[in-house]
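Asker: In terms of this note's numbering, the sequence shown opens at residue 23 and continues consecutively.
Sharing a structure, written as structure tokens. Questions coming.
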Amino acid sequence: MDRLEIRRPDDWHVHFREGAVLRAVVPFTARQFARAIVMPNLVPPVTDGARARAYRDEIGAALPPDSGFEPLMTCYLTDGLDPAVMEDDVFTAAKLYPAHATTNSAHGVTDIAALSPVLERMQRIGKPLLIHGEVTHPEEDVADREAVFVETVLTGLRRDFPELRIVLEHVTTADGVAFVEEADGPTAATITPHHLVIDRNDLLVGGIRPHLYCLPVAKRRRHRDALRRAAVSGSPRFFLGTDTAPHAVSDKESACGCAGIFCAPTALEVYAEVFDEEGALDRLEAFASLNGPAFYGLPPNEARIVLERSPNEGPGPLDVGDETILPFRAGERLEWRLGGS
Ligand code: DOR
Ligand code: ZN
23 MDRLEIRRPD DWHVHFREGA VLRAVVPFTA RQFARAIVMP NLVPPVTDGA RARAYRDEIG
83 AALPPDSGFE PLMTCYLTDG LDPAVMEDDV FTAAKLYPAH ATTNSAHGVT DIAALSPVLE
143 RMQRIGKPLL IHGEVTHPEE DVADREAVFV ETVLTGLRRD FPELRIVLEH VTTADGVAFV
203 EEADGPTAAT ITPHHLVIDR NDLLVGGIRP HLYCLPVAKR RRHRDALRRA AVSGSPRFFL
263 GTDTAPHAVS DKESACGCAG IFCAPTALEV YAEVFDEEGA LDRLEAFASL NGPAFYGLPP
323 NEARIVLERS PNEGPGPLDV GDETILPFRA GERLEWRLGG S
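In structure tokens, the structure reads:
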């Protein structure tokens, strides 16, 4: 198959940042996707409706004319957050960051048990809980943090809030995949393009590649392959979420480099490549355009996009003021190209 026409996809996990970076990166997402779940880990974080509306306006102002793109806003859960905030229509979902799990998570939750009133409210009104699923104990090995979270936190959350809609964001392990496949109640996971492609050897063998560093960190090959199987399985519990997370090159190529991969410029092309390699192009539409809306209770998009097999070199670096941001697979061969709609 050299040409694939599918419903316009959505991205169920993006980081747009603010200001000049936001203005530079938003068009890459709007080019491919009709909607995106926008992560709230700004400084300070998005924890109330007024800030979410202002942020939504900032994204709206950065959109190319007639993009038709709709940002879906999320609330950053903090210790002591008023459950009533969950009732605000501006929020499509809420994001749980265990404190200090990742970029800008210092205000995250320190005691998940104390979050019960918020989770009860979310369960009652049907607001999805999006989870960065890693424990943060300093002694826990970075490669084990997701599996330990699944076992020691997520399993209990699933049991205690049986109707709560839960998304394990950017799943990276066979353990996370198995949990999502087997859990009772409405449970799903997003999968990034980069975690479908890289394993930890790509990050560390032959030199350290800071532009492939993100959290949760890429794992062993067998975990990557479990993600590939889940993505192409056709299960409605797995859907597209890029976790595109732009950082300046100077912050990535540093003695203490930031976590995050700017994958938006090549996301759909990379997903298509993976589904093609797996002989599953006929399942890309479910993963990219149908499963996410079904889980969120939204209609799938009516517009369509075309992907063509057309080897190309991919995008170059993106200049933002004095800084540069490097896209995933920049300057590398891509097998697929996003065509007109
Ligand atoms: O690598 C990551 N970068 N993982 C996250 O969870 C957050 C993100 C960011 O905001 O940079
Ligand atoms: Zn993220």
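Backbone N, C-alpha and C define an ideal beta-carbon position, used for all residues, glycine too.
On a predicted model such as this, the values are computed, not experimentally measured, just so you know.
On the criterion of 16 or more Cβ atoms from any shown chain inside 10 Å, does R25 qualify as buried, or is it exposed?
Answerer: When all chains shown are included, R25 counts as exposed.
Asker: For V202, which residues from the same chain have a beta carbon less than 8 Å from its beta carbon, with the 5 sequence-adjacent residues on both sides left out?
Answerer: Contacts found: L190, V193, T209, A210, A211, A252, R259, F260.
Asker: Would you check whether the ligand DOR has a heavy atom nearer than 8 Å to the C-beta of M23?
Answerer: Checking the Cβ of M23 against the ligand DOR gives no.
Asker: By Cβ distance below 8 Å, which residues in the same chain neighbour S363 in space, the five residues on each side in sequence not counted?
Answerer: Confidence is the limiting factor: at S363 the pLDDT is only 43, short of 50, which leaves the residue's position unreliable, though a coordinate-based value still follows. Correct list, in chain order: R30, A325, R326, I327, V328.
Asker: Give me the DSSP bridge partner(s) of K117.
Answerer: For K117, which the question treats as bridged, DSSP gives the partners Y98, L152.
Asker: Can you check which of these residues, D111, R187, S311, R146, is closest to D70 by C-alpha distance?
Answerer: Comparing Cα-Cα distances from D70 to each of D111, R187, S311, R146, the minimum goes to D111.
Asker: Is E300 near the ligand ZN - that is, is its Cβ less than 8 Å away from at least one heavy atom of it?
Answerer: Checking every heavy atom of the ligand ZN against the Cβ of E300, none is found closer than 8 Å.
Asker: When you compare only the Cα positions, how much space is there between F317 and S311?
Answerer: Roughly 11 Å between the two C-alpha positions.
Asker: What number of angstroms, rounded off, separates the C-alpha of E345 from the C-alpha of T51?
Answerer: Roughly 20 Å between the two C-alpha positions.
Asker: Can you confirm whether E299, when its beta carbon is compared against all beta carbons of chain D, has any partner nearer than 9 Å?
Answerer: Of the protein chains in this structure there is only one, and it is not chain D.
Asker: Is the number of C-beta pairs between the region 350-360 and the region 295-302 that are closer than 8 Å three or more?
Answerer: Because the criterion of three Cβ pairs below 8 Å is met, the region 350-360 and the region 295-302 touch.
Asker: By Cβ distance, which residues of its chain are closer than 7 Å to W162, with the 5 residues on each side in sequence left out?
Answerer: In the sequence under discussion, the amino acid at residue 162 is Glu, which differs from the Trp named in the question. Taken in chain order, the residues that qualify are V170.
Asker: Would you check if the distance between the CB atom of V131 and the CB atom of A121 is smaller than 9 Å?
Answerer: In this structure, A121 lies closer than 9 Å to V131 by Cβ.
Asker: Taking DSSP's pairing of strands, which residues face P93 in a bridge?
Answerer: A58, per the DSSP bridge assignment.
Asker: Does the beta carbon of M61 fall short of 8 Å from some heavy atom of the ligand ZN?
Answerer: Yes, since a heavy atom of the ligand ZN falls inside the 8 Å radius drawn around the Cβ of M61.
Asker: List in chain order: all unbroken beta strand (DSSP E) runs of 3+ residues lying wholly within the region 121-195.
Answerer: The region 121-195 contains these whole beta strand (DSSP E) runs: 151-153, 188-190.
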